[in-house]
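Residue numbers (the working numbering), protein chains in the order written: chain A, 1 to 362; chain B, 1 to 183.
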Amino acid sequence: MRELKLMKGNEAIAEAAIRAGVDGYFGYPITPQSEVMETLMALRPWDSTGMVVLQAESETASINMVYGGAGCGKRVMTSSSSPGVSLMQEGLTYLAGAELPCVVVNVVRGGPGLGTIQPAQSDYFQTVKGGGHGDYKLITLAPASVQEMADFVELSFDLAFKYRNPVMILSDGVIGQMMEKVELSEQKPRWTAEYIEENHTWATTGKKANREKNIITSVQLEASVQEAFNHKLQAKYRSVEENEVRYEEVMCDDADYIIVAYGSSARICQKSIEIAREKGIKVGMFRPITLYPFPTEQLMKRAKQVKGMLSVEMSAGQMVEDVKLAVECSIPVEHFGRFGGSVHSPGEVVEALEQKLIGGDK
Amino acid sequence: MKEEIIIAGFGGQGVLSMGKILAYSGVMQDMEVSWMPAYGPEMRGGTANVTVILSDDRISSPILHEYDTAIILNQQSMDKFESDIKPGGTLIYDGNGITRHPERTDINIYRIDATAEAARMHAVKTFNMIVLGGYLKVKPIVKMENVIAGLKKSLPERHHHLIPMNEKAITRGTECINQVSEA
Numbered sequence: 001m002r003e004l005k006l007m008k009g010n011e012a013i014a015e016a017a018i019r020a021g022v023d024g025y026f027g028y029p030i031t032p033q034s035e036v037m038e039t040l041m042a043l044r045p046w047d048s049t050g051m052v053v054l055q056a057e058s059e060t061a062s063i064n065m066v067y068g069g070a071g072c073g074k075r076v077m078t079s080s081s082s083p084g085v086s087l088m089q090e091g092l093t094y095l096a097g098a099e100l101p102c103v104v105v106n107v108v109r110g111g112p113g114l115g116t117i118q119p120a121q122s123d124y125f126q127t128v129k130g131g132g133h134g135d136y137k138l139i140t141l142a143p144a145s146v147q148e149m150a151d152f153v154e155l156s157f158d159l160a161f162k163y164r165n166p167v168m169i170l171s172d173g174v175i176g177q178m179m180e181k182v183e184l185s186e187q188k189p190r191w192t193a194e195y196i197e198e199n200h201t202w203a204t205t206g207k208k209a210n211r212e213k214n215i216i217t218s219v220q221l222e223a224s225v226q227e228a229f230n231h232k233l234q235a236k237y238r239s240v241e242e243n244e245v246r247y248e249e250v251m252c253d254d255a256d257y258i259i260v261a262y263g264s265s266a267r268i269c270q271k272s273i274e275i276a277r278e279k280g281i282k283v284g285m286f287r288p289i290t291l292y293p294f295p296t297e298q299l300m301k302r303a304k305q306v307k308g309m310l311s312v313e314m315s316a317g318q319m320v321e322d323v324k325l326a327v328e329c330s331i332p333v334e335h336f337g338r339f340g341g342s343v344h345s346p347g348e349v350v351e352a353l354e355q356k357l358i359g360g361d362k
Numbered sequence: 001m002k003e004e005i006i007i008a009g010f011g012g013q014g015v016l017s018m019g020k021i022l023a024y025s026g027v028m029q030d031m032e033v034s035w036m037p038a039y040g041p042e043m044r045g046g047t048a049n050v051t052v053i054l055s056d057d058r059i060s061s062p063i064l065h066e067y068d069t070a071i072i073l074n075q076q077s078m079d080k081f082e083s084d085i086k087p088g089g090t091l092i093y094d095g096n097g098i099t100r101h102p103e104r105t106d107i108n109i110y111r112i113d114a115t116a117e118a119a120r121m122h123a124v125k126t127f128n129m130i131v132l133g134g135y136l137k138v139k140p141i142v143k144m145e146n147v148i149a150g151l152k153k154s155l156p157e158r159h160h161h162l163i164p165m166n167e168k169a170i171t172r173g174t175e176c177i178n179q180v181s182e183a
């Protein structure tokens, strides 16, 4: 058996990045994710794998360093928390527009503005509905444990390169700061220059005499060319939606009600369904693991079976809109959640379920 | 077996590291564990608390609204968490600085004067290990050998020479905890 370590979600991101053979990390410190870079600096991967770890002068600089590294076909990443990720939005739309693969981790804290340093899930809209300008999507994974923080790093790079698209790991202060047992994967080698040249022929690796030059850009002044490119992007997103939906269902088969929750809220709600079932309420939990692509069809399937759904998120109600769209308003869908840095307790969720859905059912 | 614990006191008392050592002891005993700090602007003298769960099964929520055991190390935490202990649960507190003693009659209450004991031992920094020892006397959920293994894992190697002193503090804690009232 491989070694089990007790570590924070943020530390797991750093450890997993090194072991996945990532080429570069560029970041700027911000609570509650500073342990990502702190851990990388402590582990000194430049001495072992040759991975670059660099503290940039700002989040704007880090995301543009990511752009540069990604353009060369390197596996590069950054991480930040909400206000820092807001600063990165221009870079993210440029990365999506230039079809560059990269991984961005957002350990979400309460907003708006500088907000608070405590956990929140109020960057859902920013992440899955745009954030930056233009018709683009970020493939978004929502880890619900420290183990998933570790596992999703490599998965994110796989998806990023498969689709040549930025991937966001949307975490929050709970998952970032909590410690759990983690099993880390074996150390993988970084990609060689030959591997990149052979497998990522779009990358700017230095033009050889026998090929056309590669241009990394997101600008097309000709409207018809830009429209054709947008069609290409949309086709790519349809393929992502068809192939990459990930979700988990807990006790849904006999459920009268379903709680829909992701990330740390899903952990809390798992306890809520234990409490509710002790009270005789048949409730299950549906956890979207990918927030984009959203598990629309799978939720619709469950809508045919249950009397109502409660979207539980640490926001004033964001994912609830996607749940309503998914079930086409065929059943009552309500929202519950504390926000602005406050975290709902398992008991509060059960009370909300009783008041908002079951009470209304009588 | 599942034990849901809140440890609460002042920043600087070693609340978070005590929780970490307890959690690592659980890992050494092949249990599922979670350690969730109520993090904030960190400062000495501010309040600090951590939720630690040790369980034989997969842990659902790392955040709780009621606890099997509350380890309370200042008055603010007494005011905040006494009411959140499950009926029949356990409250362990250090009497130092406590102006309002616990009032619940449906829980088991223990007092450990660890602040005083640490001063007597001329090792004030081992305060949290005295408390941990007291807790393990009341709730022997992890074997002492696993606690020592957990201690080794939690402490950076440059501090490993302090392990015997911490071990002594844990043992002292098992001896100086007293039951105040029974549920």
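Here a beta-carbon is modelled for each residue, glycine too, at the ideal position from N, C-alpha and C.
With 16 other Cβ atoms within 10 Å as the buried cut-off, status of residue i
i: R238(A); result: exposed
i: Q179(B); result: exposed
i: K208(A); result: exposed
i: R111(B); result: buried
i: C252(A); result: buried
i: V124(B); result: exposed
i: A42(A); result: exposed
i: T127(A); result: buried
i: H335(A); result: buried
i: C102(A); result: buried
i: R172(B); result: buried
i: I177(B); result: buried
i: L6(A); result: buried
i: M36(B); result: buried
i: D56(B); result: exposed
i: D68(B); result: buried
C-beta neighbour in chain A for residue i, strict 8 Å
i: V33(B); result: yes
i: L22(B); result: no
i: V27(B); result: yes
i: H65(B); result: yes
i: P37(B); result: yes
i: S77(B); result: no
i: P186(B); result: The structure shown does not extend to residue 186(B), since chain B is modelled only from 1 through 183, so no value can be given for it.
Rounded separation between residue i and residue j - CA only
i: V142(B); j: P62(B); result: 19 Å
i: I289(A); j: E57(A); result: 33 Å
i: P119(A); j: Y67(A); result: 28 Å
i: Y39(B); j: E222(A); result: 51 Å
i: P332(A); j: I259(A); result: 12 Å
i: Q220(A); j: Y136(A); result: 15 Å
i: L22(B); j: G24(A); result: 35 Å
i: I275(A); j: E157(B); result: 42 Å
i: G9(A); j: S224(A); result: 45 Å
i: F229(A); j: D322(A); result: 27 Å
i: P143(A); j: K271(A); result: 17 Å
i: I215(A); j: L95(A); result: 13 Å
i: V52(B); j: S218(A); result: 48 Å
i: P41(B); j: G115(A); result: 13 Å
i: I268(A); j: G110(A); result: 18 Å
i: P189(A); j: E154(A); result: 13 Å
i: S83(B); j: K2(B); result: 20 Å
CB contact below 8 Å: residue i versus chain B
i: G50(A); result: no
i: I13(A); result: no
i: G347(A); result: yes
i: P32(A); result: yes
i: V36(A); result: no
i: R287(A); result: no
i: V356(A); result: Note on identity: in this sequence residue 356(A) is Lys, with Val being the wrong assignment. Answer no: the Cβ-Cβ gap between K356(A) and chain B never drops below 8 Å.
i: E274(A); result: yes
i: L233(A); result: no
For residue j and residue i, believed in contact at Cβ under 8 Å, the rounded distance
i: G175(A); j: Y292(A); result: One point to set straight first is that residue 175(A) is Ile, not Gly, in the sequence displayed. The Cβ separation is near 18 Å, so there is no contact.
i: M129(B); j: N166(B); result: 5 Å
i: A119(B); j: D94(B); result: Rounded, the Cβ-Cβ distance is 12 Å, inconsistent with contact.
i: Q75(B); j: I98(B); result: 6 Å
i: V147(B); j: I163(B); result: Their Cβ separation, rounded to whole angstroms, is 11 Å, which puts V147(B) and I163(B) out of contact at 8 Å.
i: A255(A); j: G284(A); result: 3 Å
i: T205(A); j: E197(A); result: 5 Å
i: A160(A); j: A16(A); result: Not quite, the Cβ-Cβ distance comes to about 15 Å (not below 8 Å), so this is no contact.
Test: residue i CB closer than 8 Å to a CB of chain D
i: Q270(A); result: Judged by its chain identifiers, the structure shown contains no chain D, and its protein chains are A and B.
Every unbroken alpha helix (DSSP H) within the stretch 14-76 of chain B, with a cutoff of 4 residues, ordered by chain: Listed in chain order, they are 15-28.
Beta strand (DSSP E) segments (min. 3 residues) lying fully within the stretch 96-136 of chain A: 102-108
Alpha helix (DSSP H) runs wholly inside the stretch 7-80 of chain A, at least 4 long, in chain order: 9-19, 35-43, 45-48 and 59-71
Sequence ranges, beta strand (DSSP E) only - wholly within the stretch 92-154 of chain B, length at least 3: If we require 3 residues or more, the beta strand (DSSP E) runs fully inside the stretch 92-154 of chain B come out as 108-112.
Ordered list of beta strand (DSSP E) runs contained in the stretch 302-349 of chain A, each at least 3 residues: Complete beta strand (DSSP E) runs here, min 3: 308-312 and 333-336.
Alpha helix (DSSP H) segments (min. 4 residues) lying fully within the stretch 158-238 of chain A: 173-177 and 193-199
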